[in-house]
Amino acid sequence: MKPAAKNSLTPLPMKARMKVPRQLMPEQPANERNKNFSEVNLGYSPELAQQEALRCLECAKPTCTVNCPVGVKVKEFVELIVAGDFLGAAAKIREDNVLPAVTGRVCPQEDHCEGKCLLSKKVKPLGVGYLERFVADYEQRMGTHVLPNVPPTGKKVAVVGSGPSGLTVAGDLIQKGHKVRVFEALHELGGVLVYGIPEFRLPKHIIRQQLDYMRRMGVEFETNVVVGRTVTLDELMQEEGYDAVYIGTGAGLPQFMGIPGEHLNGVYSANEFLTRINLMKAYKFPAYDEPMLDLNGKDVAVIGGGNTALDAIRSALRLGARKAYVLYRRSEAEMPARAEEVHHARQEGIDFQMLTAPVELLSDGKGWMTGARCVRMELGEPDAQGRRRPIPLSGSEFDLPLSVAIMAIGTTANPIVQSTTPGLGTNKRGYIQADSETQRTTRQGVFAGGDIVTGAATVILAMGAGRRAARSIHDYLTTGQW
Amino acid sequence: MFKIIDAKFLAPAIKRFIIEAPRIARKQKPGQFVILRVYEEGERIPITIESSDPARGTISIVVQSVGKTTRLLNSLQAGNHILDVVGPLGKPSQIENFGTVVVIGGGVGTAMAYPSASAMKQAGNRVITIIGARNKELIILERELRAVSDALLITTDDGSYADRGFVTDKLRQLIQNGTRIDLVLAIGPVVMMKAVAEMTRRDNIRTVVSLNPIMIDGTGMCGGCRVLVDGKSVFACVDGPEFDAHKVDFEVLVQRAGMYRDAEQRSLAAYQEVESKSKEEACAISPGGER
Ligand SMILES: Cc1cc2nc3c(=O)[nH]c(=O)nc-3n(C[C@H](O)[C@H](O)[C@H](O)COP(=O)(O)OP(=O)(O)OC[C@H]3O[C@@H](n4cnc5c(N)ncnc54)[C@H](O)[C@@H]3O)c2cc1C
Ligand SMILES: Cc1cc2nc3c(=O)[nH]c(=O)nc-3n(C[C@H](O)[C@H](O)[C@H](O)COP(=O)(O)OP(=O)(O)OC[C@H]3O[C@@H](n4cnc5c(N)ncnc54)[C@H](O)[C@@H]3O)c2cc1C
Ligand code: SF4
Ligand code: SF4
Ligand code: FES
Chain B
213 MKPAAKNSLT PLPMKARMKV PRQLMPEQPA NERNKNFSEV NLGYSPELAQ QEALRCLECA
273 KPTCTVNCPV GVKVKEFVEL IVAGDFLGAA AKIREDNVLP AVTGRVCPQE DHCEGKCLLS
333 KKVKPLGVGY LERFVADYEQ RMGTHVLPNV PPTGKKVAVV GSGPSGLTVA GDLIQKGHKV
393 RVFEALHELG GVLVYGIPEF RLPKHIIRQQ LDYMRRMGVE FETNVVVGRT VTLDELMQEE
453 GYDAVYIGTG AGLPQFMGIP GEHLNGVYSA NEFLTRINLM KAYKFPAYDE PMLDLNGKDV
513 AVIGGGNTAL DAIRSALRLG ARKAYVLYRR SEAEMPARAE EVHHARQEGI DFQMLTAPVE
573 LLSDGKGWMT GARCVRMELG EPDAQGRRRP IPLSGSEFDL PLSVAIMAIG TTANPIVQST
633 TPGLGTNKRG YIQADSETQR TTRQGVFAGG DIVTGAATVI LAMGAGRRAA RSIHDYLTTG
693 QW
Chain P
5 MFKIIDAKFL APAIKRFIIE APRIARKQKP GQFVILRVYE EGERIPITIE SSDPARGTIS
65 IVVQSVGKTT RLLNSLQAGN HILDVVGPLG KPSQIENFGT VVVIGGGVGT AMAYPSASAM
125 KQAGNRVITI IGARNKELII LERELRAVSD ALLITTDDGS YADRGFVTDK LRQLIQNGTR
185 IDLVLAIGPV VMMKAVAEMT RRDNIRTVVS LNPIMIDGTG MCGGCRVLVD GKSVFACVDG
245 PEFDAHKVDF EVLVQRAGMY RDAEQRSLAA YQEVESKSKE EACAISPGGE R
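Chains as they are written, first to last, in this note's numbering: chain B, 213 to 694; chain P, 5 to 295.
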């Protein structure tokens with residue numbers, strides 16, 4: 213008997229469903245949360261979750277599932293929520309998505325499941341992300357993951373990189389009975405989920421619980437191994453006996469603008485800024501040893517308009533910045549960040565300077581930056597990707613006083629594995645070539661996916677690639693055919 | 005966890021550790037380094053690998069106490085563990101038969117220069133090694149370096165051992181004597197490397213220095229270790245740490261090294277207080293303790 217059945221609700225008639233408003237996510241008040249690193253969103257209660265679930269129209273052709281990169285069966289898990297079977301709902305999501313507590317929080321839902329939800333034609337879309345997060349958190353609170361019991365195949369797979377892509381591969385393959393070992397360069401597991409995305413958006417205990425679960429399933433982890441340096445991919449296959457390797461090393465080399473003054477003290481890449489805070493806990497200095505420039509009462513700007521930029525500047529605000537600016541060279545419509553983050557950032561008091569870019573960082577003559585010389589932009593013709601190109605407006609220069617500038621203008625491919633693995637094909641920009649269906653690379657037995665194949669993308673796309681790779685690695689290991 | 009097999013002071017505040025790290029030991033080449041984190045709340049710091057023993061699965065490092073993390077590290081003993089050690093990182097030194105190579109080590113840089121000097125010798129070079137330190141006590145690895153060098157020249161700032169002066173005085177003498185020099189490799193304090201670079205620039209002697217900017221990950225991810233070489237931004241952990249000395253912007257290097265001075269001093273002061281407390285306590289319980 214399922215204990216949750218007592219919470220079972222009767223589905224509403226179709227018409228009534230459109231009348232239920234989208235349930236608001238409870239959140240920490242903006243003027244409190246901008247001073248702490250605790251999570252912004254507090255999560256639905258079971259009652260709120262069920263109210264929200266009642267809104268789903270149970271479409272015959274659910275666009276939500278079609279638009280989810282891993283095809284989460286939204287309609288079915290939402291029905292289980294209505295029925296009060298939260299654990300059943302979690303199990304349903306897990307059929308397609310091994311990290312629901314993560315995706316429910318960080319997917320750009322407006323581009324995927326919620327983007328074309330039938331409800332959104334008339335009212336607000338179903339809160340798919342909020343619901344996904346709710347059941348995942350519920351399941352974790354109950355601590356009732358079921359451990360699969362599968363006979364071992366005797367095959368060994370090495371996974372390089374412990375980001376969402378690598379973790380998906382590991383989770384899927386261990387459930388097929390293969391031996392899986394994950395190699396991670398850093399001292400902590402989780403990739404961008406731990407060193408990039410801050411605690412206030414994705415609490416680290418969520419990743420830790422997921423990793424514990426994977427350990428209990430039998431996945432082995434080895435940190436402090438830079439594949440290509442500590443051990444090469446060929447050594448893993450030839451000397452350590454791995455039958456297949458998955459490369460999920462992520463993008464991750466920060467780009468700089470190449471403008472004068474970028475070497476001044478006070479200039480960070482977003483990766484360094486966020487790594488100091490998230491991985492090294494510099495926000496707890498001096499209890500933790502990693503230092504960080506003191507931002508109390510300082511004026512800080514981030515350059516860029518993606519999730520990385522917003523994470524960096526919202527962290528700066530939490531570390532006491534007086535003014536916290538986003539300088540973005542296009543307009544809000546082009547900003548790649550998740551809609552919810554832009555909204556939250558505004559509430560917290562971030563100052564968005566759109567159509568603005570620095571052309572030079574100014575110095576005090578003693579090696580420290582004092583500000584940015586900026587120029588305003590207008591949007592011209594669309595570029596190759598269809599985004600309107602920013603054009604500087606002559607005579608629009610102005611100086612913005614700043615103590616710290618954070619560059620968040622994108623990343624390039626991490627080259628260490630490619631440059632130490634003969635025969636591994638890459639594209640012009642240095643990313644690994646992999647088949648978009650099978651994730652096979654140009655080397656037999658070697659698969660790749662996630663940001664290291666596509667360039668910086670999203671968690672769910674990296675996980676989707678991991679899922680496809682796991683399927684074709686399993687095929688390869690069982691048939692021996694390449 | 006990486007076990008310390010052996011730990012001995014070579015000089016006051018300079019300690020050599022032998023650490024169990026079989027994977028690193030198998031792959032290490034001269035010029036490469038590890039990044040380590042001593043304990044959970046610790047920072048990640050880079051340290052050059054002095055030598056490795058692939059058969060025993062160990063590496064050795066030589067650490068000079070300068071701030072909190074290096075002092076804490078140097079308080080560890082055989083049997084203790086270091087939480088994280090990752091490597092070997094960075095590009096190995098370019099080792100080939102250049103002809104005559106002058107290897108210069110300043111302070112703890114002497115330990116960092118040792119693996120390269122030894123490899124240069126094995127590659128068939130005539131190796132002239134110059135080492136320098138503030139005083140006699142701080143001269144390290146003299147015996148080891150003598151064994152791999154055709155000539156070993158030593159200076160101390162105060163003249164308490166060998167010749168009084170700086171390593172650059174010896175280099176100047178070599179140049180003035182008309183010694184044929186095909187390559188200079190200088191590792192040590194930035195001021196020393198800069199002085200060497202200026203001296204060899206005049207005679208167009210190819211010179212390589214090993215840069216030591218502040219690092220975190222050591223894999224090219226954070227961009228914190230960026231240095232200005234030939235007017236371009238490069239990452240010392242993946243593009244270096246060795247660079248053409250005549251193209252390095254030493255001013256930017258010095259400036260960026262000072263970015264966290266305030267925080268570092270706070271850390272150190274707090275740690276020294278802990279150190280002196282634990283000493284007092286140790287004295288209090290052992291009746292024979294010095295007071
Ligand atoms: C600050 C920030 C915020 C973001 N916010 C969002 C968001 O809200 N929503 C969203 O969907 N996406 C977001 N993204 C993007 C998302 O995090 C990435 O697309 C995703 O993490 C890619 O996953 P991955 O597994 O390919 O690589 P990564 O997560 O980058 O993981 C790669 C791992 O491989 C390790 N590694 C690298 N080289 C080696 C090697 N040679 N040997 C061993 N290990 C190695 C790395 O240390 C790392 O742990 C954000 C990214 C950043 C930086
Ligand atoms: C490639 C490389 C190889 C090195 N090899 C050796 C070696 O073999 N033996 C040795 O004793 N030292 C070596 N160092 C220097 C060593 O890393 C620093 O002395 C150490 O990080 C200082 O930490 P601290 O907390 O004790 O001192 P702090 O008080 O924190 O800092 C003192 C000074 O050390 C430098 N420093 C601080 N943090 C870092 C960091 N995370 N990364 C790099 N430098 C930092 C800064 O210039 C700072 O001003 C090397 C550095 C590099 C980059
Ligand atoms: S995984 Fe992401 S895109 Fe798919 S349903 Fe969940 S929140 Fe939506
Ligand atoms: S598209 Fe929207 S309304 Fe339709 S099934 Fe999916 S979530 Fe429900
Ligand atoms: S240490 Fe992070 S990029 Fe070099």
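Note that beta-carbon positions come from the ideal geometry of N, C-alpha and C, so glycine has one too.
Distance between P:A249 and P:R205 (C-alpha atoms, nearest Å): 9 Å
Per-residue DSSP class, three states only, for P:Q36: coil
Sequence-distant residues of its chain with Cβ nearer than 7 Å to B:V193 (five each side left out): No information on residue 193 of chain B is available, as it lies outside the stretch 213 to 694 that chain B covers here.
Alpha-carbon to alpha-carbon, B:P498 and P:S271: 7 Å
CA-to-CA distance, P:L77 to P:K283, given in whole angstroms: 17 Å
Where P:C241 falls: helix, strand or coil (DSSP): helix
Distance cut-off 8 Å: P:G222 Cβ against heavy atoms of ligand 5: yes
Inter-stretch contact (C-beta, 8 Å, three-pair minimum) for the stretch 341-354 of chain B and the stretch 306-314 of chain B: yes
9 Å Cβ cutoff, B:K368 in contact with chain P: no
Alpha-carbon to alpha-carbon, P:A29 and B:L398: 18 Å
Assigned exposure category for B:P364 - 16 Cβ within 10 Å defines buried: exposed
Cutoff 9 Å: P:D57 Cβ touching any chain B Cβ: no
Inter-residue spacing [alpha-carbon to alpha-carbon] between B:D687 and B:Q693: 8 Å
Chain-ordered list of residues that sit, by beta carbon, closer than 5 Å to a heavy atom of ligand 6: As for ligand 6, it is missing from this structure, which binds only ligand 1, ligand 2, ligand 3, ligand 4 and ligand 5.
Any non-hydrogen atom of ligand 3 closer than 8 Å to B:G341 Cβ: yes
Touch test, the stretch 287-296 of chain B against the stretch 648-657 of chain B, Cβ-Cβ under 8 Å, three pairs minimum: no
Unbroken beta strand (DSSP E) run spanning B:K285, endpoints: Here B:K285 belongs to no beta strand (DSSP E), and DSSP marks it neither H nor E.
Alpha-carbon to alpha-carbon, P:I53 and P:E47: 18 Å
Nearest neighbour of P:T172, chosen from P:I143, P:A137 and P:P50 [CA to CA]: P:A137
Residue interval of the alpha helix (DSSP H) (run including B:R488): Premise fails: B:R488 is in no alpha helix (DSSP H) and is neither H nor E.
Delimiting residues of the beta strand (DSSP E) encompassing P:T159: A155 to T160
Under 9 Å between C-beta atoms of P:N101 and P:A121: no
Under 9 Å from the C-beta of P:V90: neighbouring residues of chain B: A397, L398, H399, T435, N436, V437, V438, R441 and T442
Within 9 Å, strictly: CB atoms of B:L588 and B:L573: It should be pointed out that residue 588 of chain B corresponds to Arg in this sequence rather than to Leu. No, Cβ-Cβ distance for B:R588 and B:L573 is not below 9 Å.
Reduced DSSP category for P:D266 - H, G, I as helix; E, B as strand; rest coil: helix
Proximity to P:V258 [Cα-Cα], best of P:I209, P:N208, P:M225 and P:M197: P:M197
Alpha helix (DSSP H) segment containing B:D174, residue limits: Missing from the structure shown is residue 174 of chain B; chain B here goes from 213 to 694 and no further.
B:C276, DSSP secondary structure in three states: helix
7 Å Cβ cut-off: residues of chain P touching B:D501: E45, G46, E47, K72, T73 and S271
Runs of alpha helix (DSSP H) lying entirely within the stretch 565-636 of chain B, each at least 4 residues, in chain order: 628-632
Euclidean distance between Cα positions of B:E474 and B:Y480: 9 Å
B:E351 to B:F298 span [Cα, whole Å]: 8 Å
Boundaries (first-last residue) of the alpha helix (DSSP H) holding P:F102: Where P:F102 is concerned, there is no enclosing alpha helix (DSSP H), given that its DSSP letter is neither H nor E.
8 Å Cβ cut-off: residues of chain P touching B:N483: M225, C226 and G227
Near ligand 4: B:V286 beta-carbon under 8 Å from a heavy atom: yes
Bridge partners - P:D88, DSSP secondary structure assignment: P:R41
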